[in-house]
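A.B. asks: Take 7 as the starting number for the sequence shown in this note's numbering and just add one per residue.
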Amino acid sequence: MRNRARKLCSEGVHVVNFAAGELDQDTSPSIKEAAREAIDTGRTQYTDTLGIRELRERLAQKVSQKTGAAYTDDEVGFTAGAKQALFNSVFAVFGHEDEVIIPAPYWVTFPEQVRLAGATPVFLQTAHNDFQIDVDELARSITPRTRGILLNTPHNPTGIVYNAGVLEGIARLALQLNLICIFDECYDALVYAPAVHHNIVKLVPEMKARTILIGSFSKTYCIAGWRAGHIAAPQAIIKAVANLQSHIASNTCNLVQYAALAALEPANDAFVAENRRQLNAHRAAALQQIEKIPHLSCVAPAGAFYLFPDVSGLLNKSFKGQRVENVDQLAEMLLEYAHIAVVSGAAFGSDRHIRISYAIPNEEIAAGLTRLEQFVKLLA
Ligand SMILES: Cc1ncc(COP(=O)(O)O)c(C=O)c1O
């Protein structure tokens, strides 16, 4: 959708791009400076597979602070984005015969990685529960083959932040049944008060032995294309992940490691806080506008930068004789007739929703949602 929107733009059409999965702004000057300095000081060599020691020490400190548990530098690693950390983890811990529970809707990559590892994704539906996990339903979906659960909070695509009670319930089940929990907190810096992000190891310290924490620099520091992510897990898992990685691509880009080290300096906290403040303002404006659009309903997101409205009220309506048969087709029609690019919920395992990113300028959000409203009113 992003590519098609770009093509339309190149033909001179003004497309509002609600499809992006990243912030549309530059990174902090100190991060750029660190990358430049790494070039100028000849940082050209291979590094340890999971990163230079200083960075791993700093990551261990950060994860220890966040979880309240003591992580050493051998229990963390730097990766080419969270995506690589996730891929390597899934490959290290799951295999044929294993079932992995994934709450649905889900980030599109989760089930594909599980399948690539030969395991079977088992989806736990959450839409009927405003996208929160119902722990009793989770317990009922566990079978003798269940080996793990893949959690993401704040959540893409719904913007939901899991509450502490839910995570504690999941942790109890994981401990009781020896499940591995992959805990993706890529958007943990983008949570809007009064909501609070909860880390599962912080809530239940015994989970440290069963949890793989996944983090990302992409959204927090606006360096999605630089590919910077991290992993924290028991040492045996980190070792397996490093072995796998060493035969795939060796270390991540050396220069990016130095940039990541600079990103973790407290001086960047203000940069992150300002992004959060702006995104929160976008969220409020977008939500207010979307709530006024007939036939749509939207659970208020508390984190990340997405709205995930239920558009099932538009299905089977028509425009210019063309029937909206499903959410994929709705996304196509929105691009063609309203010139707004959204992502169809089908990509995330939902046939009732579309995803709208509000990490774009306020004027664009207002213009795009106005076009959406006009299009909805034209549907017969
Ligand atoms: C939930 C989730 N996990 C992981 C990622 C991957 O992030 P990265 O850019 O660090 O690979 C994304 C990116 O959109 C995401 O939404």
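Built from N, CA and C at the ideal position, the CB exists for glycine as well.
Can you give me the Cβ contacts of N260 inside the same chain, cut-off strictly under 6 Å, excluding the 5 residues immediately before and after it?
C.D. replies: R49 and T53
A.B. asks: With burial defined as no fewer than 16 other Cβ atoms inside 10 Å of the residue's Cβ, what is the status of K89: buried or exposed?
C.D. replies: buried
A.B. asks: Between C187 and ligand 1, is there a pair consisting of the residue's CB and a ligand heavy atom that are separated by less than 7 Å?
C.D. replies: no
A.B. asks: Could you give the distance in angstroms between the alpha-carbon of H204 and the alpha-carbon of Q131?
C.D. replies: Computed Cα separation, rounded: 21 Å.
A.B. asks: Closer than 6 Å from C-beta to any heavy atom of ligand 1: which residues, in chain order?
C.D. replies: G27, G87, A88, K89, W113, N158, N162, D190, C192, S222, S224, A230 and G235
A.B. asks: Using a threshold of 8 Å, state whether the C-beta atoms of V106 and G154 are closer than that.
C.D. replies: yes
A.B. asks: Taking only the alpha-carbon atoms, compute the straight-line gap between L336 and S318 and give it to the nearest angstrom.
C.D. replies: 10 Å
A.B. asks: Got a sec? Which residues, its chain only, sit under 8 Å from Y312 by beta carbon, not counting five neighbours each side?
C.D. replies: N162, P163, T164, G165, R361, I362, S363 and Y364
A.B. asks: Quick check: the Cα distance between R10 and I346, rounded to an integer number of angstroms?
C.D. replies: 11 Å
A.B. asks: Can you name, in chain order, every residue of its own chain whose Cβ lies under 8 Å from the Cβ of A308, other than the five neighbours on each side?
C.D. replies: Here the set comprises P160, G165, I166, V167, V197, Y198 and A201.
A.B. asks: Are S95 and I229 close, meaning C-beta to C-beta below 8 Å?
C.D. replies: Going by C-beta atoms, S95 is not nearer than 8 Å to I229.
A.B. asks: Excluding the 5 residues preceding and the 5 following K214 in the sequence, name in chain order all residues of the same chain whose CB lies nearer than 6 Å to its CB.
C.D. replies: If we look at K214 and ignore the five residues flanking it on each side, its Cβ neighbours are A75 and V207.
A.B. asks: Could you tell me the distance, in whole angstroms, from the CA atom of V348 to the CA atom of G221?
C.D. replies: The straight-line gap from Cα to Cα measures roughly 25 Å.
A.B. asks: Per the DSSP calculation, R329 is bridged to which residue(s)?
C.D. replies: Answer by DSSP bridge pairing, in chain order: S324.
A.B. asks: In whole angstroms, what separates the C-alpha of N102 from that of A123?
C.D. replies: Reading off the sequence, residue 102 comes out as His, not Asn. If I take the Cα positions, the gap works out to 7 Å.
A.B. asks: Does K383 pass the burial test, meaning 16 or more other C-beta atoms within 10 Å, or should it be called exposed?
C.D. replies: exposed
A.B. asks: Could you give the distance in angstroms between the alpha-carbon of H20 and the alpha-carbon of K13?
C.D. replies: The alpha-carbon atoms of H20 and K13 are separated by roughly 11 Å.
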